[in-house]
């Protein structure tokens, strides 16, 4: 699973505008993601193009345009993330979303794609009297998830100098 997500993240360095445009189309219910894909592509490609113009042609100020394009791209992806949060009623923070997107935008696009592929828009009840996802989960599934998390973290911090887990539990009793 982790290798697949890393592969998708690396692919999104180049295909990020395409995938983010698809996410925006799915969130908004549009069948045509082309406008978003073209806009995001132009903004992202602006960074290296305008830097190359300044370096190769010596036109001063082109790097400012390059950074403006990059921040425009980041704001667009942040907006998509916020829109997904609002549609799916996921708690979050706009400033945190912006800062995470600023440095990890390929991962953010993978996260949005995975979230949408898992059917996030279908989970949210579109009527006015909906309950949250937490209310729909039964106690057994929550307990099962908590047990899985506990098992995952049980191996952290153990080394050959520490006693096995059963000896620790005996000493605590």
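In the working numbering, the protein residues as written are -16 to 156.
Here a beta-carbon is modelled for each residue, glycine too, at the ideal position from N, C-alpha and C.
- CA-CA distance, residue 90 to residue -5, rounds to 8 Å.
- Going by DSSP, residue 45 is part of the alpha helix (DSSP H) stretching over 45 to 71.
- For residue 61, the closest alpha carbon among the candidates 14, 12 and 6 is that of 6.
- The C-beta separation of residue 64 from residue 80 comes to about 5 Å, placing the pair in contact by the 8 Å criterion.
- DSSP places residue -12 inside the alpha helix (DSSP H), whose first and last residues are -15 to 11.
- By the Cβ test, the stretch 29 to 42 is not in contact with the stretch -2 to 17, since fewer than three Cβ pairs between them sit closer than 8 Å.
- In the structure shown, residue 105 falls within a helical segment according to DSSP collapsed to helix, strand and coil.
- Residue 8 and residue -8 have their alpha carbons spaced roughly 20 Å apart.
- Taking 8 Å as the upper bound for CB-CB distance, residue 59 and residue 99 are not in contact here, some 17 Å apart.
- Note on geometry: alpha-carbon atoms of residue 52 and residue 46 lie some 10 Å from one another.
- The beta carbon of residue 25 is closer than 8 Å to those of 52 in its chain, skipping five residues each way along the sequence.
- For residue 29, the enclosing alpha helix (DSSP H) stretches over residues 17 to 35.
- DSSP, read as helix, strand or coil, puts residue 42 in coil.
- Relative to the Cα of residue 92, the nearest Cα in the group 76, 78, 72 and 56 belongs to 56.
- Look at residue 74 here: in three-state DSSP terms it is coil, with no helix or strand label.
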